[in-house]
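In my numbering, the protein residues as written are 8 to 635. Each residue gets a CB set at the ideal place from its N, CA and C atoms; glycine is no exception. Only one structure is covered here, and it is reproduced in the block below.
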RNA sequence: GCCGACGUAGCUCAACGGCAGAGCGUCUGAUUUGUAAUCAGAUGGUUGGAGGUUCAACUCCUCUCGUCGGCUCCA
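Set out below in structure tokens:
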């Protein structure tokens, strides 16, 4: 919401005074003058139009968050005078501030800091903007080495400073007129963070907080956090007995339990089937290979920090594979290729192992051993455009089948450190761009974010809660065909270099499965559900009929289980519901007599009794288009 | 890897220098049950591991392994 305002008509009038005059002082927290957002303490610019910035504007929210960070720093400086201040920006949903302290803050400290913050807000202390030369500013931060370092890096001669009571901070601003304008906030956690994000620097103590213009928005945010917690795939994975990671096996290594493995198998079957239809050939490759292979591929040079140590086998060094590409290239190279053979498309659910620092491991989303739904395509240059175009189609089709139809697409271009010829890069970037445009897909360019061997398209899917997950990637590669001498015989009878595309749609089965669990909160759509129907006999007199129903469902290719325990129906229904099985089939005396079942959907909806065949038809109808 | 917090029964959690517990689960028995928990009994632990302080350690200290929240990186 933007309130237009008249141009200032009095010399020396501040924006705040003008806001008061216009009755906007209660809502405006800053103003947009020209392109810049400025504090209300500034003078009204002559002749320039002014727009009020209110807390609900994107710019306004950022000011609220940034100023809350300053309020926190002021509170910390009062309670912990020895804490050295560094930086404290606004971030998504809130803010943080990094401090250099001898002893990290405890949860109790956070409570004290938050209490003190509320007092500062109640006192409604003005934020006062000052300007100083760098030289003057240096003298204003005695004993604050981080501020000194920041000052040294600022190119401008004049810097701005903000005073909040006794607390002074070097800051670009803008800020709220006063602390009383801060919205609803809450300190969330402390964390270690390197000074300037560099692990060579000293570890600082960061305090994270969330802040919103209103209490209502804060409460809503906290509710979403609760929802995220409820959907956590690690929690649901345990509850539904899908997978585990154990101390005994090792961190970052996944055990797929039968229920999780069933979902994975369905995912894989679907994947294999669709790839075969799309002209891919399936291959298999070993988990280790001679280290030399990885020297040729460039992994030893570019990727060593993510690889496990080589294994000594009879004096030869072997390497646990971090990628599948060199194997597929070898298969391609196993015989002479004609231009007529291309494109050659090799697909493999290839399990790779990468060393990830222990602190980065996270459930299924960040692991040390994972299976890529990998494929490598070998093409002639004239095939590049069409291949990428149809690949985009194929990718979006697969994602849609799993229930993802919202995504962000990124085109990552040539990085500073790149391999190969510039002309190749330009050709590849143009091909990727053209395909996206031809499909009419909106995308963002990530300049310099390509892989060393080529540019790429990344697709980040959005889940039910709107969170983004990087899964699909399509990468053009001129480098590896060069390194491995992968070529084909052209129409002219001469050898030509092939172009390679690396691509993964789900990315990693582990991660994709984890995302699926959170997306559906464990309630998988029918085609993926590990158990699709629970058959629940009301008394043990119906057990025989229930077994027959289970057998018929299984014979028809569906996954069904019977609950023959000596429990009341309510108990069995409850357990079926909690394990998120899509259908519970109640079979009592009436059903058994009429050879029928009474289905109950996962949500509680009861369907009329029907014959087993009718129920099977219903299941078939619901699984034919997969995602639902 | 680095900073911090945390590891107690299969699961969720109590006990926080003085006899290691509850609910759920599991097992046994009774009950034969109609759409989110039938009753009773039993079972279950080198308190992550190693060392130390103490008359006494789940509790305090050191080391180690792991988990979680971040930093960095990425599928």
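{"Check": "Whole-angstrom C-beta distance between residue 166 and residue 139, which should lie under 8 Å", "Outcome": "6 Å"}
{"Check": "For residue 337 and residue 292, the rounded distance between their alpha carbons", "Outcome": "10 Å"}
{"Check": "N-terminal and C-terminal residue of the beta strand (DSSP E) that residue 59 is part of", "Outcome": "57 to 60"}
{"Check": "Chain-order list of residues whose beta-carbon lies under 7 Å from that of residue 157 (same chain, five-residue window excluded)", "Outcome": "177"}
{"Check": "As assigned by DSSP and simplified to three states, the class of residue 191", "Outcome": "strand"}
{"Check": "Where the beta strand (DSSP E) containing residue 459 begins and where it ends", "Outcome": "That residue, residue 459, is in no beta strand (DSSP E); it is neither H nor E in DSSP."}
{"Check": "Anticipated Cβ contact below 8 Å, residue 505 with residue 385, distance rounded", "Outcome": "5 Å"}
{"Check": "Residue 248 classed as buried or exposed, judged by whether at least 16 other C-beta atoms fall within 10 angstroms", "Outcome": "exposed"}
{"Check": "Rounded straight-line distance, which links the Cα of residue 70 to that of residue 107", "Outcome": "24 Å"}
{"Check": "Distance between residue 161 and residue 144 (C-alpha atoms, nearest Å)", "Outcome": "12 Å"}
{"Check": "Residue range of the alpha helix (DSSP H) that includes residue 399", "Outcome": "391 to 408"}
{"Check": "Three-way DSSP call (helix, strand, coil) for residue 15 in this model", "Outcome": "With a pLDDT of 48 at residue 15, under the threshold of 50, the predicted position of this residue should be treated as unreliable, and no value is reported."}
{"Check": "Cβ-based burial, residue 431 [other Cβ within 10 Å; buried from 16]", "Outcome": "buried"}
{"Check": "Beta-carbon contacts of residue 112 that lie in its chain and below 7 Å, excluding the five residues immediately before and after", "Outcome": "197, 212, 214"}
{"Check": "Reference residue 289; option with closest CA among 281, 116, 623", "Outcome": "281"}
{"Check": "Test item: CB-CB of residue 85 and residue 125 under 8 Å", "Outcome": "no"}
{"Check": "Helix, strand or coil at residue 51 according to DSSP, with G and I counted as helix", "Outcome": "coil"}
{"Check": "Three-state class that DSSP yields for residue 216 in the structure shown", "Outcome": "strand"}
{"Check": "Exposed unless 16 or more other CB atoms sit within 10 angstroms - verdict on residue 331", "Outcome": "buried"}
{"Check": "Straight-line gap, residue 490 to residue 435 (C-alpha atoms, nearest Å)", "Outcome": "18 Å"}
{"Check": "DSSP bridge partner residues for residue 263 (one or two, in chain order)", "Outcome": "250"}
{"Check": "Residue of 375, 507, 221 minimising C-alpha distance to residue 192", "Outcome": "221"}
{"Check": "Close beta carbons around residue 592, own chain, < 6 Å, minus the five adjacent residues each side", "Outcome": "540, 542, 604, 606"}
{"Check": "Terminal residues of the alpha helix (DSSP H) in which residue 124 lies", "Outcome": "114 to 129"}
{"Check": "C-beta contact flag for residue 418 and residue 468 at 8 Å", "Outcome": "no"}
{"Check": "Residue from 415, 387, 442, 373 with nearest C-alpha to residue 398", "Outcome": "442"}
{"Check": "Residue 494, enclosing beta strand (DSSP E) - first and last residue", "Outcome": "494 to 496"}
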